[in-house]
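Contents: one structure, followed by commentary.
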Amino acid sequence: MPLVRFLLYPLFGLVCAAASQAADMVIRSEKHAFRVSTLTRGLENPWSLAFLPDGRMLVTERPGRLRVLDASGKLDPRPVAGLPPIAAHGQGGLLDVALHPDFARNGWVYFSYAGREGQGYATQVARGRLLADTSGHRLDNVQQIYRQRPGSSAGQHFGSRLVFDGKGKLYITQGDRGEMGRAQKLDDLAGKTVRLFDDGRFPPDNPFAGKEGARPEIYSLGNRNMQGAALNPKTGELWATEHGPQGGDELNIIRAGRNYGWPVITYGANYGTGTKIGEGTSKPGMEQPIHQWTPSIAPSGLAFYEGRAFPGWRGNLFAGALKYQMLVRLELDGERVVREERLLKDGFGRIRDVRVGPDGHIYLLTDEGDGALLRLAPVNE
Numbered sequence: 020m021p022l023v024r025f026l027l028y029p030l031f032g033l034v035c036a037a038a039s040q041a042a043d044m045v046i047r048s049e050k051h052a053f054r055v056s057t058l059t060r061g062l063e064n065p066w067s068l069a070f071l072p073d074g075r076m077l078v079t080e081r082p083g084r085l086r087v088l089d090a091s092g093k094l095d096p097r098p099v100a101g102l103p104p105i106a107a108h109g110q111g112g113l114l115d116v117a118l119h120p121d122f123a124r125n126g127w128v129y130f131s132y133a134g135r136e137g138q139g140y141a142t143q144v145a146r147g148r149l150l151a152d153t154s155g156h157r158l159d160n161v162q163q164i165y166r167q168r169p170g171s172s173a174g175q176h177f178g179s180r181l182v183f184d185g186k187g188k189l190y191i192t193q194g195d196r197g198e199m200g201r202a203q204k205l206d207d208l209a210g211k212t213v214r215l216f217d218d219g220r221f222p223p224d225n226p227f228a229g230k231e232g233a234r235p236e237i238y239s240l241g242n243r244n245m246q247g248a249a250l251n252p253k254t255g256e257l258w259a260t261e262h263g264p265q266g267g268d269e270l271n272i273i274r275a276g277r278n279y280g281w282p283v284i285t286y287g288a289n290y291g292t293g294t295k296i297g298e299g300t301s302k303p304g305m306e307q308p309i310h311q312w313t314p315s316i317a318p319s320g321l322a323f324y325e326g327r328a329f330p331g332w333r334g335n336l337f338a339g340a341l342k343y344q345m346l347v348r349l350e351l352d353g354e355r356v357v358r359e360e361r362l363l364k365d366g367f368g369r370i371r372d373v374r375v376g377p378d379g380h381i382y383l384l385t386d387e388g389d390g391a392l393l394r395l396a397p398v399n400e
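Right, dumping it as structure tokens:
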């Protein structure tokens with residue numbers, strides 16, 4: 020049975036004098052003092068985290084393992100069995116994990132990954148029912164529900180995040196696979212946000228459904244490599260972060276049929292040379308980001324905070340950053356970023372995922388060969 024961004028503000032000083040990799044550290048930020056606890060180490064390039072209803076957690080490791088941790092962070096040494104073949108190719112591997120909104124009843128776990136597609140590799144999504152017995156955990160009745168086409172031998176820009184919209188639809192964010200021209204092609208699934216029903220069918224009201232020469236799965240286009248995505252709890256809209264090239268990382272609100280410009284417009288530049296990409300930073304018919312980072316912070320992981328543990332952070336948006344190894348807090352006024360605070364800079368590793376737990380604490384994964392699960396909790400707890 021199933022298991023039941025504007026002004027920049029510097030980081031305030033560390034309250035304790037412990038070394039940066041200590042298991043517990045107290046940090047004073049603009050709004051809250053909080054304790055950073057290392058719950059688990061020894062994860063190999065962990066990528067995503069999901070909370071089970073009974074307090075346990077699922078964590079993906081990019082080489083291709085799905086792991087179970089108890090509520091305290093103790094790792095089950097036995098990976099979840101039953102996953103399909105995972106291609107740990109370049110930046111690809113086992114990526115995001117998400118529970119079906121009705122998981123407590125149906126047990127469906129969804130995950131995105133790099134898999135074989137033709138002679139190359141592509142972002143794919145599957146689901147399976149999570150079961151447990153004396154031998155451990157396994158996925159049963161595994162079904163592939165999405166395949167990005169065509170495949171590519173390239174090793175970069177797979178995306179990918181999975182977000183349910185609360186209305187029976189699943190968003191899948193992706194990358195352009197390092198072949199930038201693909202992001203503008205409607206007969207190509209790379210560089211797009213895809214919207215599907217939970218079983219993989221495409222909704223007939225998708226913006227390009229029925230349009231000749233267009234893939235009906237497509238919801239938005241012109242995206243470079245989206246590795247952070249979260250549903251705005253106030254509006255129900257999908258917000259996403261994506262990696263720019265040399266500069267020009269973006270925060271966008273993903274809307275039906277919109278073109279986010281890559282590679283025609285960007286605030287970034289070519290690596291090494293710094294030369295211009297495309298036609299500039301704006302063009303009629305193409306969306307401007309809500310916020311952009313130049314120089315790049317390499318955003319990955321995104322979460323809106325509505326918990327009770329940190330009242331001063333309610334309504335804020337948190338983004339992980341691989342570059343500068345930090346957590347970015349964004350204060351919002353509607354659709355505007357009005358303030359940014361940078362936390363944990365260079366203290367704990369590359370922040371790959373950001374999640375708000377059922378307890379209102381913030382949980383982070385660090386993308387390292389000896390990756391960690393971190394928890395941010397108020398100092399008064």
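Using our numbering, the letters of the sequence shown map in sequence onto residues 20 to 400. Quick reminder that beta carbons are idealized off the backbone N, C-alpha and C, glycines included. Since this is a predicted model, take the numbers as computed values, not measurements.
Cβ-Cβ separation, residue j to residue i (assumed contact under 8 Å), whole Å
i, j, result
"Pro-314", "Gly-266", "6 Å"
"Gly-379", "Phe-329", "7 Å"
"Gly-83", "Leu-58", "Incorrect: roughly 22 Å between the Cβ atoms, too far for contact."
"Asp-386", "Pro-169", "About 28 Å; that fails the 8 Å criterion."
"Asn-251", "Tyr-238", "Between Tyr-238 and Asn-251 the Cβ distance is about 16 Å, and since that is not below 8 Å, they are no contact."
"Leu-395", "Phe-53", "5 Å"
"Ala-173", "Gly-197", "4 Å"
"Gly-320", "Val-373", "4 Å"
"Asn-242", "Glu-261", "6 Å"
"Ala-133", "Arg-166", "Contact doesn't hold; Cβ gap of about 11 Å is too wide."
"Ala-280", "Met-305", "This sequence places Gly at residue 280; Ala is not what is there. That belief holds up - the Cβ atoms of Gly-280 and Met-305 are roughly 4 Å apart, short of 8 Å."
Helix, strand or coil at residue i according to DSSP, with G and I counted as helix
i, result
"Gln-344", "coil"
"Leu-33", "With a pLDDT of only 36 at Leu-33, under 50, the local geometry of the prediction cannot be trusted, and the value read off the model is given with reservation. Note: Leu-33 maps to strand in three-state DSSP."
"Gly-334", "coil"
"Gln-162", "strand"
"Gly-200", "helix"
"Trp-258", "strand"
"Asp-152", "strand"
"Lys-188", "strand"
"Asn-244", "strand"
"Met-44", "strand"
"Tyr-238", "strand"
"Ala-288", "strand"
"Asp-195", "coil"
"Lys-50", "coil"
"Pro-303", "coil"
"His-176", "coil"
"Phe-216", "strand"
"Asp-372", "strand"
"Gly-109", "coil"
"Lys-211", "coil"
"Lys-295", "strand"
"Pro-222", "coil"
Enclosing alpha helix (DSSP H) for residue i [first to last residue]
i, result
"Arg-124", "122 to 125"
Element boundaries [beta strand (DSSP E), containing residue i]
i, result
"Leu-362", "355 to 362"
"Leu-205", "No beta strand (DSSP E) contains Leu-205, which DSSP labels as neither H nor E."
"Pro-14", "The structure shown does not extend to residue 14, since the chain spans only 20 to 400, so no value can be given for it."
"Asn-271", "268 to 273"
"Tyr-401", "The structure shown does not extend to residue 401, since the chain is modelled only from 20 to 400, so the question has no answer here."
"Gln-311", "310 to 312"
Identity of the residues DSSP links to residue i by a beta bridge
i, result
"Val-128", "Leu-118, Gly-147"
"Met-76", "Phe-70, Leu-88"
"Gly-134", "Ala-141"
"Phe-227", "Phe-227 is not bridged to any residue."
"Arg-157", "Ala-100, Leu-150"
"Pro-264", "In the DSSP output, where bridge partners are listed per residue, Pro-264 has none listed."
"Asn-278", "Leu-240"
"Ala-322", "Phe-337"
"Phe-183", "Leu-189"
"Thr-59", "Leu-392"
"Glu-350", "Arg-358"
"Ser-401", "Nothing about residue 401 can be read from this structure; the chain reaches only from 20 to 400."
"Ala-249", "Trp-258"
"Pro-65", "Glu-80"
**OP:** Report yes or no: do the segment 275 to 289 and the segment 336 to 352 share at least 3 C-beta pairs separated by less than 8 Å?
**Re:** no
**OP:** Report yes or no: do the segment 42 to 49 and the segment 89 to 98 share at least 3 C-beta pairs separated by less than 8 Å?
**Re:** The segment 42 to 49 vs the segment 89 to 98: no contact.
**OP:** Evaluate the contact criterion for the segment 173 to 187 versus the segment 145 to 155: three or more CB pairs, one atom per stretch, below 8 Å.
**Re:** no
**OP:** Answer yes if the segment 342 to 351 comes into contact with the segment 368 to 383, meaning at least three C-beta pairs across the two stretches below 8 Å, and no otherwise.
**Re:** Output reads yes: the segment 342 to 351 touches the segment 368 to 383.
Subject >> the segment 268 to 275 in contact with the segment 301 to 314 per 3-pair CB rule at 8 Å >> reply: yes
Original post:
Is the segment 154 to 163 touching the segment 201 to 217 in the sense that three or more CB pairs, one from each, lie closer than 8 Å?
Top reply: no
**OP:** Answer yes if the segment 64 to 75 comes into contact with the segment 380 to 395, meaning at least three C-beta pairs across the two stretches below 8 Å, and no otherwise.
**Re:** yes
Original post:
If you pair each beta-carbon of the segment 245 to 261 with each one of the segment 227 to 237, do three or more pairs fall below 8 Å?
Top reply: A contact is defined here as three or more CB-CB pairs under 8 Å, and the segment 245 to 261 fails this definition with respect to the segment 227 to 237.
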